[in-house]
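Number of protein chains: 2
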Amino acid sequence: MKALSRSKPVTIYEVARHAGVSIATVSRVLRGTAPVAEQTSARVRAAAQALHFTPNRLGRSLAEGRHAANGIVFPDLVGPYYAEVVLGYEEAASELGSSVLILATGRRRDAAAAVVELAGRVDGLVIMGNTVDDATAAGIAAGGVPVVLLAREPLAGIDTIRTRNAASAKVLAAHLVEHGHRRIAFLGDPAGSPDVAGRFAGLAAGLRAAGLPAPEPVSCGLETAAGEAAAAVLLDGDRPDAIVGANDEVALGALLAAAAVGLRVPDDLAVTGWDDVLAARFAGLTTVRQPMRELGATAARWVHRRIAERTADPNRPLAPARRRILPTQLVVRRSCGHHGTPGGS
Amino acid sequence: MKALSRSKPVTIYEVARHAGVSIATVSRVLRGTAPVAEQTSARVRAAAQALHFTPNRLGRSLAEGRHAANGIVFPDLVGPYYAEVVLGYEEAASELGSSVLILATGRRRDAAAAVVELAGRVDGLVIMGNTVDDATAAGIAAGGVPVVLLAREPLAGIDTIRTRNAASAKVLAAHLVEHGHRRIAFLGDPAGSPDVAGRFAGLAAGLRAAGLPAPEPVSCGLETAAGEAAAAVLLDGDRPDAIVGANDEVALGALLAAAAVGLRVPDDLAVTGWDDVLAARFAGLTTVRQPMRELGATAARWVHRRIAERTADPNRPLAPARRRILPTQLVVRRSCGHHGTPGGS
DNA sequence: CGTGGCGATGAAAGCGCTTTCGCGATCGAA
DNA sequence: TTCGATCGCGAAAGCGCTTTCATCGCCACG
Numbered sequence: 001m002k003a004l005s006r007s008k009p010v011t012i013y014e015v016a017r018h019a020g021v022s023i024a025t026v027s028r029v030l031r032g033t034a035p036v037a038e039q040t041s042a043r044v045r046a047a048a049q050a051l052h053f054t055p056n057r058l059g060r061s062l063a064e065g066r067h068a069a070n071g072i073v074f075p076d077l078v079g080p081y082y083a084e085v086v087l088g089y090e091e092a093a094s095e096l097g098s099s100v101l102i103l104a105t106g107r108r109r110d111a112a113a114a115v116v117e118l119a120g121r122v123d124g125l126v127i128m129g130n131t132v133d134d135a136t137a138a139g140i141a142a143g144g145v146p147v148v149l150l151a152r153e154p155l156a157g158i159d160t161i162r163t164r165n166a167a168s169a170k171v172l173a174a175h176l177v178e179h180g181h182r183r184i185a186f187l188g189d190p191a192g193s194p195d196v197a198g199r200f201a202g203l204a205a206g207l208r209a210a211g212l213p214a215p216e217p218v219s220c221g222l223e224t225a226a227g228e229a230a231a232a233v234l235l236d237g238d239r240p241d242a243i244v245g246a247n248d249e250v251a252l253g254a255l256l257a258a259a260a261v262g263l264r265v266p267d268d269l270a271v272t273g274w275d276d277v278l279a280a281r282f283a284g285l286t287t288v289r290q291p292m293r294e295l296g297a298t299a300a301r302w303v304h305r306r307i308a309e310r311t312a313d314p315n316r317p318l319a320p321a322r323r324r325i326l327p328t329q330l331v332v333r334r335s336c337g338h339h340g341t342p343g344g345s
Numbered sequence: 346m347k348a349l350s351r352s353k354p355v356t357i358y359e360v361a362r363h364a365g366v367s368i369a370t371v372s373r374v375l376r377g378t379a380p381v382a383e384q385t386s387a388r389v390r391a392a393a394q395a396l397h398f399t400p401n402r403l404g405r406s407l408a409e410g411r412h413a414a415n416g417i418v419f420p421d422l423v424g425p426y427y428a429e430v431v432l433g434y435e436e437a438a439s440e441l442g443s444s445v446l447i448l449a450t451g452r453r454r455d456a457a458a459a460v461v462e463l464a465g466r467v468d469g470l471v472i473m474g475n476t477v478d479d480a481t482a483a484g485i486a487a488g489g490v491p492v493v494l495l496a497r498e499p500l501a502g503i504d505t506i507r508t509r510n511a512a513s514a515k516v517l518a519a520h521l522v523e524h525g526h527r528r529i530a531f532l533g534d535p536a537g538s539p540d541v542a543g544r545f546a547g548l549a550a551g552l553r554a555a556g557l558p559a560p561e562p563v564s565c566g567l568e569t570a571a572g573e574a575a576a577a578v579l580l581d582g583d584r585p586d587a588i589v590g591a592n593d594e595v596a597l598g599a600l601l602a603a604a605a606v607g608l609r610v611p612d613d614l615a616v617t618g619w620d621d622v623l624a625a626r627f628a629g630l631t632t633v634r635q636p637m638r639e640l641g642a643t644a645a646r647w648v649h650r651r652i653a654e655r656t657a658d659p660n661r662p663l664a665p666a667r668r669r670i671l672p673t674q675l676v677v678r679r680s681c682g683h684h685g686t687p688g689g690s
């Protein structure tokens, strides 16, 4: 177990020579793909162990014609939303025998190039929300790499999984109206992400249905600080009854802004968010819970299925694109208004 | 841009044939590694685009002898801690030209095998906290794959990066004592993770230094629910003045448990955590902030450096193992006791 | 004893790409 | 016009592994 500074990386040839067999035999022993005499087998295993042999996946993958790896592309991991989705993805993917490559497009400008590069490293790819343009995504799919879109507008011929943003927003709108709120503002940038767009559209539709005018969205980023700043502006003057945050971070920012100017929630102002992050519970924030792990896990399974389909029969025409919308759940707490019974935990 | 169901994946040979050149020329054009006549170059690019050619990274990596990918192993992504570390890692690694493979050992039992397998896919590897046993980690390093340990006890000959858990805990202990707390309980399992062990040890040392008896740790998981349950038991009877949670989730659980039995924080009970998650701010929780992204980014850079060293001169003996301890910061809020000025934001 | 059959093993052909080597062709200078 | 120097490009050798295909003993059976 001494950490020798060996000059050459250990290959299957080394092991073969050390054990006095051919590389074919080494492969068979290590993979267990064919019967090998017990004695030989033992020699090979001993050699592999002695040399700390770790097979190079590149060789294997190249020979097998598959990476045994999938990728997932997301904007970032700030806040629990993407982290949970990625975790759900990783769990499911690794159960299906694939390693997971991640790519955060976050603040990089060469996102498209990075995603294309990633596509060359994987058997299949999940692309989330607001990361790359449609042309890039479509191009990758056309190039033969199965793609699944997540929390994003569908594209022709590509599988898509989303949550019920618009519908949840309608439910939320109705709930707010029921509480007597009339002037409702939306904090978030519909152009910034498909999720936000759906939420805003649903909210607007819900308010219209109640005979109220659709609100103008107040554009802001998805972090607490951005929400706080935007809310501060909004609350300084002719303020609304309720603020619907594009996500919980933004809504929590709105709570801070309200506290800063001495407004009481929910008496003076209602606030709601999206995602049910841990902090929402402690802030008493009404929010919409999304099945984040489930989103990730479903995406992993879908990618896997596409890969399997193609492997089974590369010439068969592709099955039509699948669509799925996962349900969400309104979590009512005290920030949206007083309820008969005290708000749930 | 029609999504043809092509039977064969596009290789460099296809492109070469389509453009009427040799594969060498295609490679040169696409990599830009050697001068190619403008006219030829244009033909090749056109062919590549027409065929949606995405070079297969396996071929390239095998030829180049490097994966251009690094891996990071962590327990899970629940809570912001690991997510932030991973994000910091991804950012730094991709800036250095490496893709990132992730592996969550979470609830799997074949963690060691999975990590070894991962080691065969990468040029270097970061192993976090409580994921695999020392022998596995050491074996991988001995096999020639550069390894960096993160938030984990050092091993001979392997680079290690940690945070100042014990020292921060001492500061925290002093602060609690200063508030007049005497009976201080620790919520967490020191055997469960090196971080927790360090925090407990530091707390115990700090209390000893103040002439107080070292507390027994109350073992519990790292989730809110676990903290709540453990705290509930702890508070039912001869209760402590203060509870130090192994992380914020646990501490938040303790807050819930306290509220459930009508205890006021901080008047009846002080509570502190670790990590400064978003919820801590809204719960007014005193906590210790860790440089999470910085941890990840530093790890990425160290792995990169090791790889570069080895590539530059494979025969040079390895530089001695490096150690680094990143600083933490005590974030005082109201949950630890009353302060002259109201607790920070 | 002679064979067909089978289990164990080795030789070698790729997988898709990069890169060295070398060969014509073209160019500048004498 | 001629000769060495470039330049542009193709041929081919790997990179580490899996996987036919062939071979070689060895056994049981006739």
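Residue numbers (our numbering), protein chains in the order written: chain D, 1 to 345; chain G, 346 to 690. Beta carbons: idealized from backbone N, C-alpha and C, even for Gly.
Environment of residue i [buried if 16+ CB atoms lie within 10 Å]
i: Val85/D; result: buried
i: Arg107/D; result: exposed
i: Gln329/D; result: exposed
i: Pro317/D; result: exposed
i: Gly689/G; result: Residue placement at Gly689/G is flagged as unreliable, the pLDDT there being 39, under the threshold of 50; the coordinate-derived value follows with that caveat. Gly689/G should be labelled exposed.
i: Leu660/G; result: The residue asked about is misnamed: residue 660/G is Asn in this sequence, not Leu. Its Cβ having fewer than 16 others within 10 Å, Asn660/G is exposed.
i: Arg162/D; result: buried
i: His52/D; result: buried
i: Ala644/G; result: buried
i: Thr656/G; result: exposed
i: Asp455/G; result: exposed
Neighbour flag for residue i against chain D, beta carbons, 8 Å
i: Ala457/G; result: no
i: Thr399/G; result: yes
i: Asp421/G; result: yes
i: Arg466/G; result: yes
i: Gly533/G; result: no
i: Leu597/G; result: yes
Beta-carbon spacing of residue i, residue j below 8 Å
i: Leu596/G; j: Leu630/G; result: The displayed chain sequence assigns Ala, not Leu, to residue 596/G. For Ala596/G and Leu630/G, yes; Cβs fall inside 8 Å.
i: Met232/D; j: Ala260/D; result: Note on residue identity: the sequence assigns Ala, not Met, to residue 232/D. A contact, by the Cβ cut-off of 8 Å.
i: Ile307/D; j: Asp241/D; result: no
i: Leu234/D; j: Ile243/D; result: yes
i: Asp468/G; j: Leu500/G; result: no
i: Ala68/D; j: Ser27/D; result: no
i: His683/G; j: Val677/G; result: no
i: Pro80/D; j: Leu278/D; result: yes
i: Thr272/D; j: Ser219/D; result: no
i: Ala119/D; j: Gly143/D; result: yes
i: Pro217/D; j: Asp236/D; result: no
i: Val541/G; j: Ala591/G; result: yes
i: Val445/G; j: Ala393/G; result: no
Residue from the options with nearest C-alpha to residue i
i: Ala166/D; options: Gly180/D, Pro146/D, Pro194/D; result: Pro194/D
i: Ala449/G; options: Val418/G, Val477/G, Gly465/G, Asp583/G; result: Val418/G
i: Ala42/D; options: Thr131/D, Asn56/D, Leu62/D, Gly20/D; result: Gly20/D
i: Ile447/G; options: Leu422/G, Val610/G, Asp455/G; result: Leu422/G
i: Val44/D; options: Arg164/D, Ser22/D, Gly65/D, Arg281/D; result: Ser22/D
i: Ser439/G; options: Gly416/G, Ala458/G, Gly424/G, Asn592/G; result: Gly416/G
i: Glu294/D; options: Ala151/D, Glu64/D, Ala112/D; result: Ala151/D
i: Ala205/D; options: Ala63/D, Thr131/D, Cys220/D, Lys170/D; result: Lys170/D
i: Val352/D; options: Arg324/D, Glu228/D, Arg322/D, Val303/D; result: Because chain D spans 1 through 345 in this model, residue 352/D falls outside it and cannot be assessed.
Min CB distance residue i to chain G below 8 Å
i: Leu263/D; result: no
i: Asn247/D; result: no
i: Glu91/D; result: yes
i: Pro342/D; result: With a pLDDT of 44 at Pro342/D, under the threshold of 50, the modelled position of that residue is not reliable, and the figure given next carries that caveat. No, its Cβ sits nowhere closer than 8 Å to a Cβ of chain G.
i: Leu150/D; result: no
i: Val277/D; result: yes
i: Arg6/D; result: The predicted position of Arg6/D is uncertain, since its pLDDT is 46 and thus under 50; a value taken from the coordinates is nonetheless stated next. It does: the Cβ of Arg6/D has a partner Cβ on chain G nearer than 8 Å.
i: Arg57/D; result: yes
- At 4 residues or longer, and completely inside the stretch 290-322 of chain D: list those alpha helix (DSSP H) runs for me, N to C. Listed in chain order, the complete alpha helix (DSSP H) runs (minimum 4 residues) inside the stretch 290-322 of chain D are 292-312.
- Enumerated in chain order, which unbroken segments of the alpha helix (DSSP H) with a length of 4 residues or greater are wholly contained in the stretch 145-223 of chain D? 165-178, 194-209
- Note down, one range per segment and in chain order, each alpha helix (DSSP H) of at least 4 residues found wholly within the stretch 360-400 of chain G. You should have 368-376, 383-395.
- Message: Threshold first: 3 residues or longer. Then list the beta strand (DSSP E) segments lying entirely within the stretch 408-481 of chain G, N to C.
- Response: 414-419, 444-449, 469-473
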